[in-house]
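Peer 1: Sending over a structure as structure tokens; questions will come in a sec.
Number of protein chains: 2
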Amino acid sequence: MGVTKTQIFTDKQNELAVIFKVLANPARIAILEYISKQEACICNDIVDEIGLAQPTISQHLKELKSIGLISGEIEGKRVCYCINLERWSAIQEMLNTFFNKTKTNCC
Amino acid sequence: MGVTKTQIFTDKQNELAVIFKVLANPARIAILEYISKQEACICNDIVDEIGLAQPTISQHLKELKSIGLISGEIEGKRVCYCINLERWSAIQEMLNTFFNKTKTNCC
DNA sequence: ATTTATTATCGTAATATTGCAATATATAAA
DNA sequence: TTTATATATTGCAATATTACGATAATAAAT
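Those sequence lines, one after another, are chains A and B.
With UniProt numbering, you'll find the first sequence wraps up at 107, consecutive numbering, no jumps.
With UniProt numbering, you'll find the second sequence wraps up at 107, consecutive numbering, no jumps.
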């Protein structure tokens, strides 16, 4: 099979899983950390910084964009990727809600 | 290729990615939520609760155990799965540290 | 000792993800 | 207009993940 049975879970559970999935890759973690470290607006020094090919980075950026974590602004022939602070905080809060809600033991 | 290049990232980045990966599945989210909801100790009503086959649930439990999120205690012929509160909080803190550290914009 | 119930493991099919070369697209510079 | 530079898309190979049937392992019950 190999396909997750999303139908049997709640929207919230699926939404959380999608967010975790986007974050579940060291390259994407590294990209986020690198973007946030930059003083000036980010363009693709990311390719130089991280040791992956340009198409690979481009694909990872697309996935980060897919859940709104970052946004890309075109600046001439370059693109400036920035962290979407509003979404960033919303996601952090969502994860904390999950962690707090589920902080109960049984044994 | 299909294999993540872990060598080029830091241990911390890889560790975070592994944690996110374990959480990146709605069945595992649902299992965690279900376990935490239970008054009494959990056994495998999980299979009845979630709509997945027993081997599939068993495999998901194994993955949750692999990062220490839950622990299984044998009780006769049944196994009681509980959330490991210490590890749970440690991971929550780890994720918050990541989110706080990376909470900088650029544009 | 045999049966029954619970959980784990193995093997496998279907699908998803990762990464890259080749190529396309778009804009700036010459 | 041609060339150079930056980024995105396509296609593909390698590997990982998801799910389940079959089966093994374990322990209680008979």
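Ideal Cβ placement from N, Cα and C applies to all residues, glycine included.
Remember, predicted model here, so these are calculated numbers, not experimental data.
Kindly list, in the order they appear in chain B, the residues whose Cβ is closer than 7 Å to that of glycine 51 of chain A.
Peer 2: Going along chain B in sequence order, the residues near glycine 51 of chain A (Cβ under 7 Å) are Ile8.
Peer 1: Starting from the C-beta of isoleucine 83 of chain B, find all residues in its chain whose C-beta is less than 8 Å away, skip the five residues before and the five after it, and write them out in chain order.
Peer 2: Same-chain partners within the cutoff: Leu32, Ile35, Ser36, Leu69 and Ile70.
Peer 1: Taking 8 Å as the threshold, find out whether the stretch 10-25 of chain B comes into contact with the stretch 15-30 of chain A through three or more Cβ pairs.
Peer 2: Yes, since at least three Cβ pairs between the stretch 10-25 of chain B and the stretch 15-30 of chain A fall closer than 8 Å, the two stretches touch.
Peer 1: Since valine 22 of chain A contacts leucine 64 of chain A with CB under 8 Å, what's their CB separation in whole angstroms?
Peer 2: Confirmed, about 6 Å.
Peer 1: So what does isoleucine 83 of chain B bridge to, in DSSP terms?
Peer 2: Answer is B:Ile70, bridged to isoleucine 83 of chain B.
Peer 1: Given that isoleucine 46 of chain B touches chain A, what residues does it touch there, using C-beta distances under 9 Å?
Peer 2: Ordered by position in chain A, no residue passes the 9 Å Cβ test against isoleucine 46 of chain B, which lies about 12 Å from the chain.
Peer 1: Whole angstroms is fine: what's the gap from threonine 97 of chain B's alpha carbon to aspartate 48 of chain B's?
Peer 2: So the alpha carbons of these two residues sit roughly 37 Å apart.
Peer 1: Can you look up isoleucine 50 of chain A in the DSSP assignment and give me helix, strand or coil?
Peer 2: Isoleucine 50 of chain A: coil per DSSP, three-state reduction.
Peer 1: Leaving out the 5 sequence neighbours to the left and right, which residues in its chain are closer than 7 Å to isoleucine 46 of chain B when beta-carbon positions are compared?
Peer 2: These residues qualify, in order along the chain: Ile31, Tyr34 and Ile57.
Peer 1: Can you name the residues of chain A whose CB is closer than 7 Å to the CB of residue 139 of chain B?
Peer 2: One cannot answer for residue 139 of chain B here, as it falls past the ends of chain B, which runs 1 to 107.
Peer 1: Is it true that the CB of lysine 5 of chain A sits closer than 8 Å to the CB of leucine 52 of chain B?
Peer 2: Yes, the Cβ-Cβ distance between leucine 52 of chain B and lysine 5 of chain A is below 8 Å.
Peer 1: Check whether the Cβ atoms of cysteine 80 of chain B and isoleucine 50 of chain B sit closer than 8 Å, and answer yes or no.
Peer 2: Their beta carbons are not under 8 Å apart, which means cysteine 80 of chain B does not touch isoleucine 50 of chain B by this criterion.
Peer 1: Which residue wins for smallest C-alpha separation from asparagine 100 of chain B, given the options A:Leu95, A:Asn25 and A:Thr102?
Peer 2: Per the Cα distances, A:Leu95.
Peer 1: Would alanine 24 of chain A and alanine 24 of chain B be called neighbours here (beta carbons separated by less than 8 Å)?
Peer 2: For alanine 24 of chain A and alanine 24 of chain B, yes; Cβs fall inside 8 Å.
Peer 1: Rounded to the nearest angstrom, what separates glutamate 75 of chain A and isoleucine 8 of chain B at their Cα positions?
Peer 2: Their Cα atoms are separated by approximately 29 Å.
Peer 1: Quick one: which chain A residues come within Cβ less than 7 Å of lysine 21 of chain B?
Peer 2: Ordered by position in chain A, the residues that pass the 7 Å Cβ test against lysine 21 of chain B are Ala24.
Peer 1: Along chain A, in chain order, which residues have C-beta atoms closer than 7 Å to that of isoleucine 29 of chain B?
Peer 2: Those are Gln13, Leu16 and Ala17, listed as they occur along chain A.
Peer 1: List, in chain order, every chain B residue whose beta-carbon is nearer than 9 Å to that of glutamine 54 of chain A.
Peer 2: Within 9 Å Cβ-Cβ: nothing; glutamine 54 of chain A doesn't reach chain B, min ~15 Å.
Peer 1: Please classify glutamine 38 of chain B as buried or exposed, where buried requires at least 16 other C-beta atoms within 10 Å of its C-beta.
Peer 2: Label assigned to glutamine 38 of chain B: buried.
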